[in-house]
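Please read the structure below before turning to the comments.
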Amino acid sequence: MDLTELQDVQRTERQMDSLQHLSDTFYEDVAEYIAERKAERRRLAEATDDPFGDPSIGRLTDEIKTAEEVVKAIYERRIGKVVKLASFDAADMKTDTGGLTSEERALFDDLVEQL
């Protein structure tokens with residue numbers, strides 16, 4: 001997982017009306033990637049005299065911020081699609097739930113039950 005891959009997922013998710021297929025561990029992978037980047041930034045900050053002036057730390061900070069914004073946008077778009085699918089399913093309309101991650105599947109099932 002890296003920032004380019006996240007941005008590719010975001011671009012594809014924006015272009016599709018349906019859910020794109022993601023690995024079942026997508027959200028875990030993203031969390032691990034961001035945690036690793038934060039740990040790297042922490043290591044660099046501890047090793048330098050001026051962490052606020054170090055360009056490597058600045059680049060990592062920018063990468064982390066961008067990754068968090070991108071994953072939030074992906075999440076929000078996908079949740080909107082999950083809610084839409086759940087409302088269709090609750091109305092006995094045909095739905096394709098093949099692109100759901102396990103977390104999204106749990107939300108989908110709960111929404112259908114509530115509707």
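In this text, residue positions in the sequence shown follow full-length UniProt numbering: the first is 1, and each later residue adds one.
Every residue, glycine too, gets a C-beta built ideally from N, C-alpha and C.
Treat the numbers as computed from the prediction; the structure is a model and nothing was measured.
Contact set for residue i: own chain, Cβ-Cβ below 6 Å, skip 5 residues either direction
i, result
"Arg77", "Glu13"
"Asp89", "Thr95, Val112"
"Pro51", "Ala45, Ile57"
Cβ distance (whole Å) where residue i is taken to contact residue j below 8 Å
i, j, result
"Val82", "Leu107", "6 Å"
"residue 116", "Val9", "Any property of residue 116 remains undetermined from this structure, which presents the chain solely from 1 to 115."
"Ile57", "Arg37", "Actually they do not touch by this definition, with Cβ atoms about 11 Å apart."
"Leu85", "Thr97", "6 Å"
"Val71", "Leu111", "Incorrect: roughly 21 Å between the Cβ atoms, too far for contact."
Cβ shell of residue i (< 7 Å), same chain only, five flanking positions each side left out
i, result
"Ala73", "Gln10"
"Phe26", "Thr101"
"Leu115", "Ala86, Ser87, Ala90"
Cβ shell of residue i (< 8 Å), same chain only, five flanking positions each side left out
i, result
"Ile34", "Ile64, Ala67, Glu68, Val71"
"Gly99", "Ser18, Leu19, Gln20, His21, Leu22"
Self-check item: Validate contact between the stretch 28-37 and the stretch 60-75 using beta carbons, cut 8 Å, 3 pairs
Solution: Counting Cβ pairs under 8 Å, three or more are found: they touch.
Quiz item: In chain order, which continuous runs of the alpha helix (DSSP H) of length 4 or greater are located wholly inside the stretch 14-89?
Solution: Taken in chain order, the whole alpha helix (DSSP H) runs of length 4 or more contained in the stretch 14-89 are 26-47.
Quiz item: Which residue spans inside the stretch 89-115 form an unbroken beta strand (DSSP E) run of at least 3?
Solution: You should have found no qualifying run.
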